[in-house]
Amino acid sequence: MSTETTNSQPKQFSLFENIDPANAQTTLAVPPVGKFSNYVVYVDESGDHGMQTLDENYPVFVLAFCIFHKRYYCETVVPALEKFKFNHFGHDLIVLHENEIRKEKGNFNFFQSRTHKHAFLNELTSIIDASNFILVSCVIDKTELKNKVGQETNPYHLALGFCLETLYEFLQEKNQDGATTHVVVERRGPKEDNELELEFRRTCDGENRLSIPFPFNIIFADKKVNSTGLQLADLVARPIGMRILRPTQENRAFDVLKKKFYCDGGRENVGEGFENWGLKIYPKP
Numbered sequence: 081m082s083t084e085t086t087n088s089q090p091k092q093f094s095l096f097e098n099i100d101p102a103n104a105q106t107t108l109a110v111p112p113v114g115k116f117s118n119y120v121v122y123v124d125e126s127g128d129h130g131m132q133t134l135d136e137n138y139p140v141f142v143l144a145f146c147i148f149h150k151r152y153y154c155e156t157v158v159p160a161l162e163k164f165k166f167n168h169f170g171h172d173l174i175v176l177h178e179n180e181i182r183k184e185k186g187n188f189n190f191f192q193s194r195t196h197k198h199a200f201l202n203e204l205t206s207i208i209d210a211s212n213f214i215l216v217s218c219v220i221d222k223t224e225l226k227n228k229v230g231q232e233t234n235p236y237h238l239a240l241g242f243c244l245e246t247l248y249e250f251l252q253e254k255n256q257d258g259a260t261t262h263v264v265v266e267r268r269g270p271k272e273d274n275e276l277e278l279e280f281r282r283t284c285d286g287e288n289r290l291s292i293p294f295p296f297n298i299i300f301a302d303k304k305v306n307s308t309g310l311q312l313a314d315l316v317a318r319p320i321g322m323r324i325l326r327p328t329q330e331n332r333a334f335d336v337l338k339k340k341f342y343c344d345g346g347r348e349n350v351g352e353g354f355e356n357w358g359l360k361i362y363p364k365p
């Protein structure tokens, strides 16, 4: 296939040539080349979005958006996680799931001791720490939500609206709001996926806090797909929920994530000013 360009059709992947991969994620507002933005978003959740019954040990729903610069993602983040898998499993077909790792299920029942497991988790946390991405998240307090509005509200849809609005503000800041950004989510079931897509389209058509259309496209991925971005989103969601539920409990994963949240003040203020900015809690405590 020819990679030549014409005056009317610029080469989309020139963004991979114009930006140093070491600085790609922190590059200032460089407009995209072509119809797609320079960023891709991977989404996962923690907790049950149902409102009929509440888990007294985890009565929250967490939605996490991990925003990556495409060049940095494919040249730095993906290889780092692939090497991790080869080192620990001998191949790269393992799909990392926080729940299975924590409960030592499936492919993660190989730990020889607590020390072995802690070393595994510390290495994984170090990869997340070293990876540059922007984190936008919303935590729904289901108990408070049920008390205020009843059980008919869908926590996933509420959190989605908050996160999409913040995502747009971030992309606007990066001069990406004139191009299409893809938002990748895991499939949950035909009914849930259809309802989610309707809510996504409704929000992007202008029914949002900003009352403007959002240039986003939703992509549904099978749960078994070996996507680095989806696996990282899965790994970060629960530590956020645990921080809200047990703020005084040691939570090294959240301490790492604090520096990732979209925050007031930009790069000079990482780790501060992210509450009600990159991290929203609803209803407000």
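Following the working numbering, the numbering of the sequence shown begins with 81 at its first residue and continues without gaps. All C-beta atoms in this analysis are idealised placements derived from N, C-alpha and C, irrespective of residue type, glycine included. As the structure is a prediction and not an experimental result, all values here were calculated from the model.
Check: To the nearest angstrom, report how far apart leucine 204 and isoleucine 299 are at their CA atoms.; Outcome: 26 Å
Check: Let me confirm a value: glutamine 132 is counted as buried when at least 16 other C-beta atoms fall within 10 Å, else exposed. Which label applies?; Outcome: exposed
Check: Quick check: the segment 213–233 against the segment 256–266, are there 3 or more CB pairs under 8 Å?; Outcome: no
Check: List the endpoints of the continuous beta strand (DSSP E) containing alanine 313.; Outcome: Taken as a continuous stretch (DSSP letters only), alanine 313 belongs to no beta strand (DSSP E), being part of the alpha helix (DSSP H) at 308–325.
Check: What does DSSP give as the partner residue(s) for phenylalanine 250 in the beta ladder?; Outcome: Looking at the DSSP assignment, phenylalanine 250 forms no beta bridge with any residue, so it has no partner.
Check: Could you give the DSSP three-state label for aspartate 221: helix, strand or coil?; Outcome: strand
Check: Assuming threonine 195 and tyrosine 342 make a contact with CB atoms under 8 Å, what is their CB distance in whole Å?; Outcome: Between tyrosine 342 and threonine 195 the Cβ distance is about 36 Å, and since that is not below 8 Å, they are no contact.
Check: Do leucine 143 and tyrosine 248 have their C-beta atoms within less than 8 Å of each other?; Outcome: no
Check: With a Cβ-Cβ cutoff of 8 Å, do valine 121 and histidine 262 count as a contact?; Outcome: yes
Check: Tell whether a beta-carbon distance below 8 Å holds between leucine 225 and proline 363.; Outcome: yes
Check: Are there 16 or more other CB atoms within 10 angstroms of the CB of histidine 198, so buried, or fewer, so exposed?; Outcome: exposed
Check: For glutamate 262, which three-state DSSP category applies?; Outcome: As written in the sequence, residue 262 is histidine, which differs from the glutamate given in the question. Reduced to three states, the DSSP call for histidine 262 is strand.
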